[in-house]
Amino acid sequence: MGQSRKITILLIAIWFTSLDLYYLNQRRSFYPHPLLGKIFENKLVIILNKVQDPIFRVLDLNRYLFSSHPRENVVYE
Amino acid sequence: MTVAAIVIRGIGLSSNPPGLYVDEAALGYNAYSISQTGRDEYNFSLPTYLRSFGTYTPALVVYLIIIPIRILGLSVLSLRATPLIIGSLTVISLAILSTRLIKSSFPVFLITGIVTALAPSHILFSRGFYEPTLGLLLFTLGLAKRPDTIIGLILLSLSTYAYQPQRLIVFLFIACFFIFVRKIPWSKLTIFLISQLPQFYLSTQSGPNTRLINQLWLPQTGHNLLLIIREFVSQYTAYLSPSNLFWFSDPDPQRSLPFLSVFFPWQIIPYLVGLFWIINRYKHYRVLVITYLLFPVAAALTKDPFSTMRASLLFIPVTMVIVTGILLIIRKLNRVGRILASVLLLGLSWGHLYRSLFILLPNQRYLAWNYGYQQLFTKINAYSIPVLVDLDKPSYVQYLFFNKINPNFVQSLAPYLGRDYYRSISWQDYFVTSRVSFRHLDWRNDIYKDQLIVGGPNVISQSQAKEHFLKLEFTIPSPLGESILFAYRTDPAFKCASQTVKPEPCLLK
């Protein structure tokens, strides 16, 4: 993997869009106590999700054999 | 283990999942109707498939729901008590099955119990789903009792009466078991076939087959063999794909937990370890390999991209593979490592569950679970004028459920089907009284009648309400406080007076 590609992946993982932050704050508001909100909903959780997402996509056999069919049109959460 | 399974599945059972889904209400009300009159809403005595609103759901579970409804009365709690008990029993039966399929030892029993007790999809299915949960329990019990015994075969046969996809899977499984594992005596197979006679008869009726056929992708591919093979293989591999099992959940928001799939993401590691181990020793795990390869078949024939409900049986072999992987990993760790790994992974799993099940599900998925209908149908009772309910799904059944409408009265309104009960596939909203009706709003007539019009946010816009002199009577808020259901009262006198050219309904008055 080239150096520039590694940097790109790292940047995507740690770069928070305004939508990311909006949903983060929204989810925090669901918790009965603000401390619980901070424990379960924080930037580390977003980073972990962003790191895990491409790993699991790579593990999908249908991605290579059927262009992700039958889930190509499904919008993931 | 059982206590933990019951506690996790039982906390806040009546309010989480939020609301009551239309399928749940249909099963619940028909169970209530059968418990009161011995007949369902169409006045049909003890059905095998429940016509409901044209769904023809296997009715076996309805007869189990009757018991808690008899004891606790018709309520969300009494309705959901059945899947709670079934789900908790499945935890034990899967743990017993694992000692037969993997290795007869206490650690295998314990780890399977913990993995099943904490499995996200199984927890959700033990809270609000009925047919697949019962089908899974019966199939697990049948496997645990061994498919070459009479009791095992009868349990497998019963599971076909619990959930539609098992009508196909059970036959394929018995055939594979017969060919690859052990010969089943013909005398026992005959008993199994006799127990399937009602199914054979019902298979000739259009009703029970309609839903099954409607879900197939086959009519869309036509007779192109390559297309058929491609579609089947792609659907089949999707059910075995680790990304779907551990990361991307069921696309239907009502059938999955937010940010969780069938199992926890960390379980992919023991899954892959276990899978590699089993593939290399497939002769020792013949039953497990058969179940693993066979169970996605029925689901792969249907259109939905990844339906966890239809592939609910796949839960058995995948759990076994994960447990095998955990055992292999544990073997490599010393005592301290085992304790640390257990604490860390149990804590991680519990954290995932708490976030997804107890926080995000009630706050993000309330619309998918028809939240607010209970409040709505209780509130409209306060009005003496007629009420028109314009909601997408057949919500009449939720009205019947929440208001505990007398089953004899409902049966008197329902069309008489008689011998055509299993053949009447076209369904229409029949529940219309002088008080309440369930249909789409007809702008040409309904705004000229003095009534309450109830619906979601898309039924009447603010400008339409202003234009037609509709007065907002009340709204039903979501758990987050935003209005999700609206009730408008018409003002026919004012509306007619405002028209220069009087429309027909005004002239009729």
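The listed protein sequences derive, respectively, from chains Y and C. If you read the first sequence in our numbering, its first letter stands for residue 98, the second for the next number, and so on. If you read the second sequence in our numbering, its first letter stands for residue 572, the second for the next number, and so on. Yeah, the Cβ is synthetic: ideal placement off N, Cα and C, and Gly gets one too. Just so it is clear, the structure is predicted and the values come from calculations on it, not from any experiment.
{"Item": "In terms of residue numbering, what span does the alpha helix (DSSP H) encompassing Phe847 (chain C) cover?", "Value": "839-851"}
{"Item": "Within the 8 Å Cβ cut-off, does His166 (chain Y) reach chain C?", "Value": "yes"}
{"Item": "Is the distance from the Cβ of Val981 (chain C) to the Cβ of Glu612 (chain C) below 8 Å?", "Value": "yes"}
{"Item": "So does the stretch 959-974 of chain C actually touch the stretch 927-936 of chain C, counting three or more Cβ pairs closer than 8 Å?", "Value": "no"}
{"Item": "I need the DSSP call for Gly590 (chain C), collapsed to helix, strand or coil.", "Value": "coil"}
{"Item": "My assumption, with CB atoms under 8 Å, is that Phe830 (chain C) sits in contact with Ser927 (chain C). Please give the rounded CB distance.", "Value": "5 Å"}
{"Item": "Compare the beta carbon distance of Ile893 (chain C) and Val686 (chain C) with 8 Å and say whether it is the shorter of the two.", "Value": "yes"}
{"Item": "Taking the Cβ atom as the reference point for each residue, do Thr808 (chain C) and Asn159 (chain Y) lie within a distance shorter than 8 Å?", "Value": "yes"}
{"Item": "Below 8 Å between beta carbons is the criterion; list the residues of the stretch 601-634 of chain C that meet it against any residue of chain Y, in chain order.", "Value": "none"}
{"Item": "Looking at the C-beta of Phe113 (chain Y), does it have a partner C-beta in chain C at a distance below 8 Å?", "Value": "no"}
{"Item": "Helix, strand or coil: how does DSSP classify Ile956 (chain C) here?", "Value": "coil"}
{"Item": "Note down, in chain order, every chain C residue with its Cβ under 8 Å from the Cβ of Leu116 (chain Y).", "Value": "The contacting residues do not exist; Leu116 (chain Y) stays about 15 Å from chain C at best."}
{"Item": "Quick one: residues in its chain with C-beta nearer than 6 Å to the C-beta of Ala666 (chain C), no 5 flanking neighbours on either side, listed in chain order?", "Value": "Phe680, Thr683, Gly684"}
{"Item": "Please classify Asp1017 (chain C) as buried or exposed, where buried requires at least 16 other C-beta atoms within 10 Å of its C-beta.", "Value": "buried"}
{"Item": "Taking buried to mean at least 16 other C-beta atoms within 10 Å of its own C-beta, is Asp821 (chain C) buried or exposed?", "Value": "buried"}
{"Item": "In whole angstroms, what is the alpha-carbon distance linking Val127 (chain Y) and Ile152 (chain Y)?", "Value": "The sequence shown places Phe at residue 127 (chain Y), not Val. So the two alpha carbons sit approximately 29 Å from each other."}
{"Item": "Using only the alpha-carbon positions, how far apart do Leu1012 (chain C) and Lys1066 (chain C) sit?", "Value": "16 Å"}
{"Item": "Have a look at C:Val889, C:Trp848, C:Asn851, C:Ile850 and flag the residue whose alpha-carbon is nearest the alpha-carbon of Phe866 (chain C).", "Value": "C:Val889"}
{"Item": "Whose Cβ in chain Y lies nearer than 7 Å to the Cβ of Ser812 (chain C)?", "Value": "Asp157, Leu158, Asn159"}
{"Item": "Would you call the stretch 741-751 of chain C and the stretch 631-641 of chain C in contact, with 3 or more CB pairs under 8 Å?", "Value": "no"}
{"Item": "With a threshold of 8 Å on Cβ separation, who are the neighbours of Phe748 (chain C) within its own chain once the five nearest residues in sequence on each side are excluded?", "Value": "Pro718, Asp719, Ile755, Val858, Ile861"}
{"Item": "Per DSSP, Leu1056 (chain C) is paired with what?", "Value": "C:Ile1047"}
{"Item": "Taking a contact to mean a Cβ-Cβ separation below 8 Å, would you say Val716 (chain C) touches Gly706 (chain C) in this structure?", "Value": "Residue identity check: residue 716 (chain C) is Lys in the sequence provided, not Val. Cβ distance not < 8 Å, so Lys716 (chain C) and Gly706 (chain C) don't count as in contact."}
{"Item": "Return no unless some Cβ of chain C is closer than 8 Å to the Cβ of Leu162 (chain Y).", "Value": "yes"}
{"Item": "DSSP three-state label for Thr559 (chain C), please.", "Value": "Here chain C covers residues 572 to 1080 and nothing more, so residue 559 (chain C) does not appear."}
{"Item": "With a threshold of 6 Å on Cβ separation, who are the neighbours of Thr670 (chain C) within its own chain once the five nearest residues in sequence on each side are excluded?", "Value": "Val679, Phe680"}
{"Item": "Pick out the complete alpha helix (DSSP H) segments inside the stretch 750-837 of chain C, 4 residues or longer, and give them in chain order.", "Value": "757-766, 768-774, 777-785, 789-792, 796-811, 813-817"}
{"Item": "When the Cα atoms are used, what is the spatial distance from Phe1142 (chain C) to Lys854 (chain C)?", "Value": "No answer is possible for residue 1142 (chain C): it lies beyond the span of chain C, which begins at 572 and ends at 1080."}
{"Item": "The beta strand (DSSP E) with Ile1024 (chain C) in it runs from where to where?", "Value": "1023-1026"}
{"Item": "Name the DSSP bridge partner or partners of Tyr620 (chain C)?", "Value": "C:Pro629"}
{"Item": "State the DSSP-derived secondary structure class of Asp1013 (chain C), mapped to helix, strand or coil.", "Value": "coil"}
{"Item": "By the criterion of Cβ-Cβ separation under 9 Å, what are the contact partners of Arg124 (chain Y) in chain C?", "Value": "Arg926, Ile930, Leu931, Asn934, Gln935"}
{"Item": "Could you give the distance in angstroms between the alpha-carbon of Glu138 (chain Y) and the alpha-carbon of Arg124 (chain Y)?", "Value": "7 Å"}
{"Item": "Would you decide whether Thr653 (chain C) is buried or exposed? Buried here means 16 or more other CB atoms lie within 10 Å of its CB.", "Value": "buried"}
{"Item": "Answer yes or no: does any C-beta atom of chain Y fall closer than 8 Å to that of Ala869 (chain C)?", "Value": "no"}
{"Item": "Less than 8 Å between CB atoms is the rule here; does Thr781 (chain C) satisfy it with respect to chain Y?", "Value": "no"}
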